[in-house]
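First up is the structure itself, then whatever we jot down about it.
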Ligand SMILES: C[S@@+](CC[C@H](N)C(=O)[O-])C[C@H]1O[C@@H](n2cnc3c(N)ncnc32)[C@H](O)[C@@H]1O
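See the structure below:
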């Protein structure tokens with residue numbers, strides 16, 4: 001077994017043992033350990049949340065006084081203390097439903113959104129960046145000043161331009177790859193800290 005497959009298998013087994021809905025949960029745990037994104041009492045929006053591993057991590061981190069809202073185009077099995085908005089992040093109706101559910105601003109937007117991959121890299125990259133751009137646009141509408149965002153991105157030709165765009169809205173933008181993310185995959189996370197304000 002290759003090392004990357006062994007790692008995938010390790011986190012899959014661990015997620016089953018620890019009751020997480022996905023192995024992705026460990027990516028958020030590791031990102032939070034490094035960047036301290038999730039805090040007690042926070043309001044967190046999670047875009048592309050199904051099946052719900054990140055929702056579980058966020059729910060635990062924000063505690064009873066916090067709020068977690070998940071968005072996905074697919075159906076998400078209910079999770080105690082989490083509001084689910086089912087819809088497409090690229091559709092204005094979904095954003096309106098989110099704003100209604102929020103009743104105010106959010107501290108953090110998480111986005112692990114990814115399209116169904118076709119295997120044709122340039123197409124998958126373009127589709128994924130387009131989804132992440134919609135998450136960034138949503139962040140601009142809902143974040144408090146000083147708020148944070150974590151955006152999944154597939155590496156490729158549009159990455160540089162997308163990072164530059166994010167840098168004009170956040171004080172610090174870091175590109176990182178958590179341990180739980182397969183080294184072989186071209187998935188990265190853009191951690192955006194200190195939302196300045198929408199231009
Ligand atoms: C990698 S999964 C997210 C895993 C999740 N973070 C977890 O911990 O369980 C990516 C998700 O993005 C969702 N997605 C894809 N396109 C979307 C869109 N246009 N709007 C909302 N969600 C979308 C998919 O349905 C899928 O559930």
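In this note's numbering, the protein residues as written are 1 to 199.
Just so it is clear, CB atoms sit at the ideal spot from N, CA and C, and this is done for glycine as well.
{"Asked": "Indicate the three-state DSSP secondary structure (helix, strand or coil) for residue 38 in the structure shown.", "Found": "coil"}
{"Asked": "Quick test of your reading: residue 132 and residue 113, contact by CB under 8 angstroms. State the CB separation rounded to the nearest angstrom.", "Found": "7 angstroms"}
{"Asked": "Between which two residues does the beta strand (DSSP E) containing residue 83 stretch?", "Found": "82-86"}
{"Asked": "Would you say residue 123 touches ligand 1, meaning its beta carbon is less than 6 angstroms from a heavy atom?", "Found": "no"}
{"Asked": "Measuring only from the beta carbon, is residue 225 closer than 6 angstroms to any heavy atom that is part of ligand 1?", "Found": "For the chain, the structure presents residues 1 to 199; residue 225 sits outside this window and is missing."}
{"Asked": "Roughly how many whole angstroms lie between the Cα atoms of residue 88 and residue 17?", "Found": "32 angstroms"}
{"Asked": "Do you know offhand how far residue 145's Cα is from residue 196's?", "Found": "6 angstroms"}
{"Asked": "DSSP three-state call for residue 50: helix, strand or coil?", "Found": "coil"}
{"Asked": "Quickly, what does DSSP pair residue 189 with across the bridge? List them, please.", "Found": "152 and 176"}
{"Asked": "Can you have a look at residue 184 and say buried or exposed, based on whether 16 or more other CB atoms are within 10 angstroms of its CB?", "Found": "exposed"}
{"Asked": "How big is the Cα-Cα spacing for residue 106 and residue 37?", "Found": "12 angstroms"}
{"Asked": "Sort 77, 50 and 42 by Cα distance to residue 68 and report the nearest one.", "Found": "42"}
{"Asked": "Report the option in 172, 168 and 191 whose CA atom is closest to the CA atom of residue 178.", "Found": "191"}
{"Asked": "With a Cβ-Cβ cutoff of 7 angstroms, do residue 134 and residue 78 count as a contact?", "Found": "no"}
{"Asked": "Compute the Euclidean distance between the alpha carbons of residue 157 and residue 136, then round it to the nearest angstrom.", "Found": "18 angstroms"}
{"Asked": "Using C-beta distances below 7 angstroms, list every residue in its chain close to residue 59, excluding the 5 sequence neighbours before and after it, in chain order.", "Found": "68, 79, 81 and 82"}
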